[in-house]
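Peer 1: Dropping the structure in here first, questions after.
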Amino acid sequence: MAIIEISIVPLGTATTSVSEFVAAVHDVLAGQEKIRYQLTPMSTIIEGELDTLWPLLRKLHEVPFEHGALRVYTTLKIDDRRDKSATMDDKIISVRNKTNE
Numbered sequence: 001m002a003i004i005e006i007s008i009v010p011l012g013t014a015t016t017s018v019s020e021f022v023a024a025v026h027d028v029l030a031g032q033e034k035i036r037y038q039l040t041p042m043s044t045i046i047e048g049e050l051d052t053l054w055p056l057l058r059k060l061h062e063v064p065f066e067h068g069a070l071r072v073y074t075t076l077k078i079d080d081r082r083d084k085s086a087t088m089d090d091k092i093i094s095v096r097n098k099t100n101e
């Protein structure tokens, strides 16, 4: 199971706002099975098997082009842990268990 952080930035658009592009990306994510995802203020976190995620990442990168962007800048961070299962929730719980909150 991999956890991926993706940030897709459309460039060459008529406005500096990107929320419509982000919404279009999330419409694609909503139609996917076998993955979990979470919107954050600066990116989206996706959880699933790499064989499922690789083609999906390509599809997500294409979304801004389909909505009029002339250039797209996408960054990825991949946490591919193979010694044990670790979900998005597991990582958050692990940190919270170590804080004084």
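Numbered by full-length UniProt numbering, the letters in the sequence shown go through residues 1 to 101 in order. All residues carry an ideal CB built from backbone N, CA and C; glycine is no exception. The structure presented is a predicted model; accordingly, all values stated were derived computationally and were not measured.
Flag this pair as yes or no: are the beta carbons of T15 and I35 separated by less than 8 Å?
Peer 2: It is not a contact, given that the beta carbons lie outside the stated cut-off.
Peer 1: Just curious, the alpha helix (DSSP H) that D80 is in, first and last residue?
Peer 2: Here D80 belongs to no alpha helix (DSSP H); instead the beta strand (DSSP E) covers 71-80.
Peer 1: Beta strand (DSSP E) containing I45: first to last residue?
Peer 2: I45 -> beta strand (DSSP E) spans 44-48.
Peer 1: Can you tell me where the alpha helix (DSSP H) with E20 in it begins and where it stops?
Peer 2: Its alpha helix (DSSP H) spans residues 19-30.
Peer 1: Do V28 and V72 have their C-beta atoms closer together than 8 Å?
Peer 2: No, they are not a contact pair.
Peer 1: Output the distance between the C-alpha atoms of E33 and T44, rounded to the nearest integer angstrom.
Peer 2: Spanning the two alpha carbons is a distance of roughly 16 Å.
Peer 1: I'd like to check one pair, E47 with T74: are the Cβ atoms closer than 8 Å?
Peer 2: No, these two residues do not count as a Cβ contact at 8 Å.
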